[in-house]
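Below is one structure, written out as structure tokens; comments come after it.
In the UniProt record's numbering, the protein residues as written are 1 to 199.
The following block contains the structure:
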């Protein structure tokens, strides 16, 4: 028996409704204002509520905001040219435009410890923390998107961020106020992804 159909209208709690309506907002649509002060502090705390096998606390977040965005955009351009001397200006403008448009960029990293807890589980903990952030930003009325790609894993950029040898860069979360309505993605059918096991 499959009873995994959609919830009837009005049956979701406000918290569940926020989770069900969250979606990524393209970085080029993000504008000021972004979260600040105590509000940002509380949102960041949600990341630290993610499951954490062994209590290793592997989350590392570097905030890039204000005038630092211009310096970071320059660092990204430098890294892109170093990786590929033939990179085109439109490609650079696209990457740097995200940084300059969004009032807040959060560099995501995992502090990896050797020991009995596998590295993959430590990275999963960071990923779960980022999901908490994305949900919290949405619940507070902000737009956000987590992007990776070559700049999201570049060792040279990790060094520019002050990350250590045992810390892995895992992309960036761009945050701001949506400038217009982002297109809602079509969600997959739940029944294609969930089954009952009966032994």
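Glycine residues also receive a C-beta, built at the ideal position from the N, C-alpha and C atoms.
What is the residue span of the alpha helix (DSSP H) that residue 72 lies within?
For the purposes of this step, residue 72 is identified with residue 72 of the chain shown, where counting begins at 1. Segment 68 to 83, the alpha helix (DSSP H) holding residue 72.
Relative to the alpha-carbon of residue 110, which residue among 75, 186, 129, 84 has its alpha-carbon at the smallest distance?
Position 110 of the chain shown, counted from the start, is the residue given in the question as residue 110. It is 129 whose Cα lies nearest to the Cα of residue 110.
Note down the Cα distance separating residue 187 from residue 151, rounded to an integer number of angstroms.
Numbered from 1 along the chain shown, position 187 holds the residue referred to as residue 187. Numbered from 1 along the chain shown, position 151 holds the residue referred to as residue 151. Cα to Cα, residue 187 sits roughly 28 Å from residue 151.
Have a look at 176, 63, 15, 157 and flag the residue whose alpha-carbon is nearest the alpha-carbon of residue 102.
Within the chain shown, numbered from 1, the residue matching residue 102 stands at position 102. When only C-alpha atoms are compared, the closest one is 176.
Less than 8 Å separating the beta-carbons of residue 168 and residue 75?
Start at 1 with the first residue of the chain shown, and residue 168 comes out as number 168. Start at 1 with the first residue of the chain shown, and residue 75 comes out as number 75. No. Outside cutoff.
Roughly how many angstroms lie between the CA atoms of residue 137 and residue 97, to the nearest whole one?
The count along the chain shown starts at 1 and reaches residue 137 at position 137. The count along the chain shown starts at 1 and reaches residue 97 at position 97. Distance between the alpha carbons of residue 137 and residue 97 is about 21 Å.
Please confirm whether any heavy atom of the ligand ATP lies closer than 7 Å to the CB of residue 35.
The ligand ATP is not part of this structure, which contains no ligands at all.
Since residue 16 is in the alpha helix (DSSP H), which residue starts that stretch and which ends it?
Sequence index remark: in the chain shown, residue 16 carries index 16 (1-based). Counting along the chain, the alpha helix (DSSP H) containing residue 16 begins and ends at 14 to 21.
Kindly identify the DSSP beta-bridge partner or partners of residue 172.
In the chain shown, the residue the question calls residue 172 occupies position 172. Answer is 107, 147.
Identify, in the order they occur along the chain, each residue of the same chain with its Cβ nearer than 6 Å to the Cβ of residue 64, setting aside the five sequence neighbours on each side.
Walking along the chain shown from the start, residue 64 turns up at place 64. The answer, listed in chain order, is 72, 105.
Hey, could you find the ends of the alpha helix (DSSP H) residue 42 is sitting in?
For the purposes of this step, residue 42 is taken as residue 42 along the chain shown, with counting starting at 1. 37 to 47 is the extent of the alpha helix (DSSP H) around residue 42.
Same chain only: Cβ atoms within 8 Å of residue 182, ignoring 5 sequence neighbours per side
By one-based count along the chain shown, residue 182 stands at place 182. If we look at residue 182 and ignore the five residues flanking it on each side, its Cβ neighbours are 23, 24, 25, 26, 29, 143.
Compare the beta carbon distance of residue 121 and residue 53 with 8 Å and say whether it is the shorter of the two.
Working through the chain shown from its first residue, we reach residue 121 at position 121. Working through the chain shown from its first residue, we reach residue 53 at position 53. Against a cut-off of 8 Å, the Cβ pair of residue 53 and residue 121 comes out as a contact.
Short of 6 Å in beta carbon distance, which residues of its chain neighbour residue 158, apart from the five on each side in sequence? Order them along the chain.
Taking the chain shown and counting its residues from 1, the one referred to as residue 158 is at position 158. Result list for residue 158: 169, in chain order.
For the beta strand (DSSP E) that residue 187 lies in, which residues bound it at each end?
The residue you call residue 187 lines up with position 187 of the chain shown. Note, residue 187: premise wrong, no beta strand (DSSP E); not H, not E.
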